[in-house]
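For reference, the structure discussed in these notes is given below.
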Amino acid sequence: MKVGILGPRGTYSEIAARNHFGEKVDISPYPLITDVSEAVEKREVQFGVVPVESLREGSIGETLDALAWKDVKVNAEIVLKITHHLLGTEETEFDEIKQVLSHPQAIAQCREFLRRNLPDAELISVTSTAKAAKQISKDGKHYLAAIGSRGLADLYNLKIIEENIQGGKEDETRFFSLAKKDNEPTGEDKTSIVFYTKEDRPGILSEILQGFAKRDINLTKIESRPSKEALGDYLFFIDFEGHRKEPSVRKALEKIKSKVATLKIIGSYPKIY
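Residue numbers (the UniProt record's numbering): 1 to 273.
Spelled out as structure tokens, the structure:
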């Protein structure tokens, strides 16, 4: 079984993939979340694991865009506890750090630590925590640091300068397993959809949501994302309890379809929280 992940090796996406599929799974790293979804779409890999939402910073836009526009389905959700550490080479000293590299989400999750302890450091965004660790390991400069996991420190021969810099309790990140097909009903499921109303009139979103309320379908998430067609034009993403094959869910989706310009069922998958 081949599984695509946001690379390089050692990312939280790889940890999530191995937790879900097993340690012996064949991992294929890709540089961008979009690349992972395209690999699934083109059947280069059977599954792709990508981050979709973090406890502290919310949804990841690149993943939502892939779910909306790529021909892929969600067949599982994975939740991973995230602990960030400040990493450096053996020569790195805390008071000499001038640049900190990491994924934008990791930087945001550690902003309070960085603001208090490294207020003058330049924060540099890269495509993954693993890329940040790999880069500072390769460069070997004493003034560079990265934010990442303990596993990355081991993988790229880095030392942990400061532990648990995310502040407060452990963060959690939700990942989606992407595939060409979603999952069959288990009795404890979630479904994710995205729709575009096109018609801009008062009450249209309320009418759509009432279709769920009338059938006692519990919504677990709703958010908007720019459609990229025009300013003020939005796609709406909804997660709710139930499987697309359940009669009540099927009727709700039929009602929504009659009121929107486009509707995509992103997938039904086992609920884990």
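Even for Gly, the Cβ is constructed at its ideal location relative to N, Cα and C.
As assigned by DSSP and simplified to three states, the class of residue i
| i | result |
| --- | --- |
| Q46 | coil |
| I15 | helix |
| V249 | helix |
| H85 | strand |
| S227 | coil |
| G151 | helix |
| T191 | strand |
| A261 | coil |
| L158 | coil |
| E254 | helix |
| E53 | strand |
| E96 | helix |
| A76 | strand |
Endpoints, the alpha helix (DSSP H) within which residue i is located
| i | result |
| --- | --- |
| D65 | G61 to W69 |
| D139 | T129 to D139 |
| R111 | R111 to N117 |
| A213 | I204 to A213 |
| E41 | I33 to E41 |
Straight-line Cα distance separating residue j from residue i
| i | j | result |
| --- | --- | --- |
| residue 274 | K159 | What is shown of the chain runs 1 to 273, which leaves residue 274 out entirely. |
| S23 | V3 | Per the sequence presented here, residue 23 reads as Glu, with Ser not at that position. Answer to the nearest angstrom: the Cα atoms are 12 Å apart. |
| T92 | E223 | 42 Å |
| F195 | F240 | 14 Å |
| A17 | I78 | 8 Å |
| E163 | A106 | 14 Å |
| G187 | N218 | 15 Å |
| K181 | G267 | 8 Å |
Run of the beta strand (DSSP E) containing residue i, from where it starts to where it stops
| i | result |
| --- | --- |
| Q99 | Q99 to S102 |
| A146 | L144 to G148 |
| residue 282 | What the structure shows of the chain is the stretch from 1 to 273, and residue 282 is not part of that stretch, so it cannot be assessed. |
| K2 | K2 to L6 |
| P29 | D26 to Y30 |
8 Å contact criterion, which residue i and residue j should meet: CB distance rounded
| i | j | result |
| --- | --- | --- |
| I82 | Y12 | 6 Å |
| K257 | I193 | About 10 Å; that fails the 8 Å criterion. |
How about the segment 57–76 and the segment 113–121: do they share at least three Cβ pairs that are nearer than 8 Å? no
If we count Cβ pairs, one from each stretch, closer than 8 Å, do we get three or more for the segment 171–178 versus the segment 47–54? yes
Three or more C-beta pairs closer than 8 Å, one from the segment 88–107 and one from the segment 61–71: is that the case here? no
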